[in-house]
Amino acid sequence: MNTPLSLQKNISLLKLNSFGIAAQALAFLRIENEQQLTQIRADAQLAAMPRLILGGGSNLVLSDKLDALVLQIAMMGKQIVAEDNEFVFVSAAAGETWHEFVLWTLQEGLGGMENLSLIPGTVGAAPIQNIGAYGVEMQDYFHHLTAFDFLTGEVVTLDKQACQFSYRDSIFKHDYRDRMVILNVVFALPKIWQPRLNYGDVAQSLVAQGISAPAPKDISEAIIAIRRSKLPDPAEIGNAGSFFKNPIVSAELRDSLLTQYPAMVSYAQTDGGYKLAAGWLIEQTGWKGKALGKVGVYHKQALVLVNLGGATGAEVRQLAQQIQADVKAKFGVRLEVEPVFA
């Protein structure tokens, strides 16, 4: 027999989103098992409501009032599930905190995830965003996931190809948004580990510590220290982490911009384009450390927008749009936002 659903009405989401927006949900359910999702689908009234799937709330900008059923994903559990000659396969439930999961893999003696240390959010949200940092993306170690499909009522297994991963994107932001609830994710971690030290500040930090042959844990600790020095703690200053994607532009535009801005950093891409640093572009428009109403641009990192106290989702959107317009006017480059507006 199924346990009755503990539906809550008109619930504040203030403490459930890292930007610290005082949003209110018309209806709210904490999801701890697959059976609850089946019950929701079987309830005509609940099934008909608009849905918002909520993980850690760290890549989200909320409206002040959500006329929706908010499902906070809270399934827990992690384990080593298999291995072959090349990989160890680890599984984590969607509600597990991402950073704690990464630390657990390191404690188990498994390398690979260390560059993704201290990224906020949950394991279930990681594939949606295809999170990435310091030259590594989640998809690099992703094997498959299971998800509940509200359309069919079935639990499905999706491999890397089915998830359609790209830069900070996946099918879960598009066709499957609020239709699929990710239940569990399996990663393949290499038995023969190689450090990924593409980013200079990580390598420099290790050299400064006298570490010439770093272990995965050394890289993780260096990245944690770097992130803490550059990014605000959401517990102290509301934010959604990096707010804009680093734009990818044509070689022609990049070359043209370099003649005007020789200090501009760019990274060659496999398709012939170039990735630019969104934070640098924003800083050149003069927004770093500035504010618009109750929302500002973080004084240490122009890529991060922060809640200066009592900010609304509408105010966040207004500042983001103004920054986009200014960058477009100055550089001819369109910035895309990373967080989801709901």
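If you count by UniProt numbering, then the sequence shown holds residues 1 to 342, one letter each, in order. Yeah, the Cβ is synthetic: ideal placement off N, Cα and C, and Gly gets one too.
Collapsed DSSP secondary structure at residue i in the structure displayed
i       : result
Val-333 : coil
Glu-137 : strand
Lys-9   : strand
Leu-26  : strand
Pro-190 : strand
Leu-16  : helix
Leu-308 : coil
Gln-209 : coil
Gln-79  : strand
Lys-160 : helix
Gln-72  : strand
Gly-238 : strand
Ala-225 : helix
Thr-152 : coil
Thr-285 : coil
Arg-51  : strand
Ala-342 : coil
Ser-266 : strand
Val-123 : coil
Whether residue i touches residue j by CB criterion (8 Å)
i           : j       : result
Pro-339     : Leu-60  : yes
Tyr-199     : Gly-135 : yes
Leu-14      : Ala-22  : yes
Lys-288     : Glu-315 : no
Val-186     : Ile-53  : no
Ile-40      : Glu-114 : no
Ala-93      : Asn-2   : no
Ala-133     : Leu-116 : yes
residue 366 : Val-297 : Because the chain in this structure spans residues 1 to 342, residue 366 falls outside the shown range and cannot be described.
Ser-91      : Asn-130 : no
Asp-218     : Ile-211 : yes
Val-337     : Asn-239 : no
Spatial distance of residue i from residue j (CA atoms)
i       : j       : result
Leu-206 : Ser-229 : 15 Å
Leu-335 : Gln-139 : 23 Å
Phe-87  : Lys-191 : 5 Å
His-36  : Lys-9   : Here residue 36 turns out to be Gln, not His, going by the sequence shown. If you take the alpha carbons of Gln-36 and Lys-9, they lie about 17 Å apart.
Ala-325 : Pro-234 : 27 Å
Ile-282 : Val-327 : 6 Å
Lys-300 : Ser-18  : 18 Å
Val-155 : Lys-245 : 32 Å
Leu-145 : Ala-203 : 33 Å
Arg-30  : Gln-45  : 17 Å
Glu-83  : Tyr-141 : 14 Å
Ala-311 : Gly-241 : 16 Å
Thr-259 : Ile-248 : 18 Å
Ala-329 : Ile-323 : 10 Å
Leu-118 : Arg-168 : 17 Å
Glu-34  : Ile-11  : 22 Å
Tyr-176 : Leu-151 : 10 Å
Ala-162 : Val-81  : 22 Å
Val-304 : Thr-122 : 20 Å
Best match in the options for proximity to residue i [C-alpha to C-alpha]
i       : options                          : result
Val-70  : Ile-40, Leu-110, Glu-108, Ala-25 : Ala-25
Phe-341 : Phe-243, Tyr-261, Thr-270        : Phe-243
Ala-277 : Ala-93, Tyr-261, Gly-57          : Tyr-261
Ser-63  : Gly-20, Ala-263, Arg-30          : Gly-20
Met-75  : Val-81, Gly-55, Lys-217          : Gly-55
Asp-149 : Ile-131, Phe-172, Asn-130        : Phe-172
Ala-213 : Asn-2, Ile-11, Leu-197           : Leu-197
Phe-101 : Glu-83, Gly-124, Ala-82          : Gly-124
Leu-66  : Gly-279, Leu-7, Gly-57, Pro-50   : Pro-50
Phe-89  : His-143, Ala-48, Trp-98          : His-143
Gly-57  : Trp-98, Ala-42, Ala-82           : Trp-98
Arg-254 : Arg-227, Val-333, Leu-189        : Val-333
Ala-68  : Val-81, Asp-271, Glu-236, Phe-28 : Phe-28
Val-188 : Gln-79, Gly-286, Asp-271         : Residue identity differs from the one stated: residue 188 is Ala in this sequence, not Val. Here the closest residue by C-alpha is Gln-79.
Cβ separation of residue i and residue j, assumed to be a contact under 8 Å, to the nearest whole Å
i       : j       : result
Leu-106 : Pro-216 : 6 Å
Ala-251 : Tyr-274 : 6 Å
Gln-318 : Leu-292 : 6 Å
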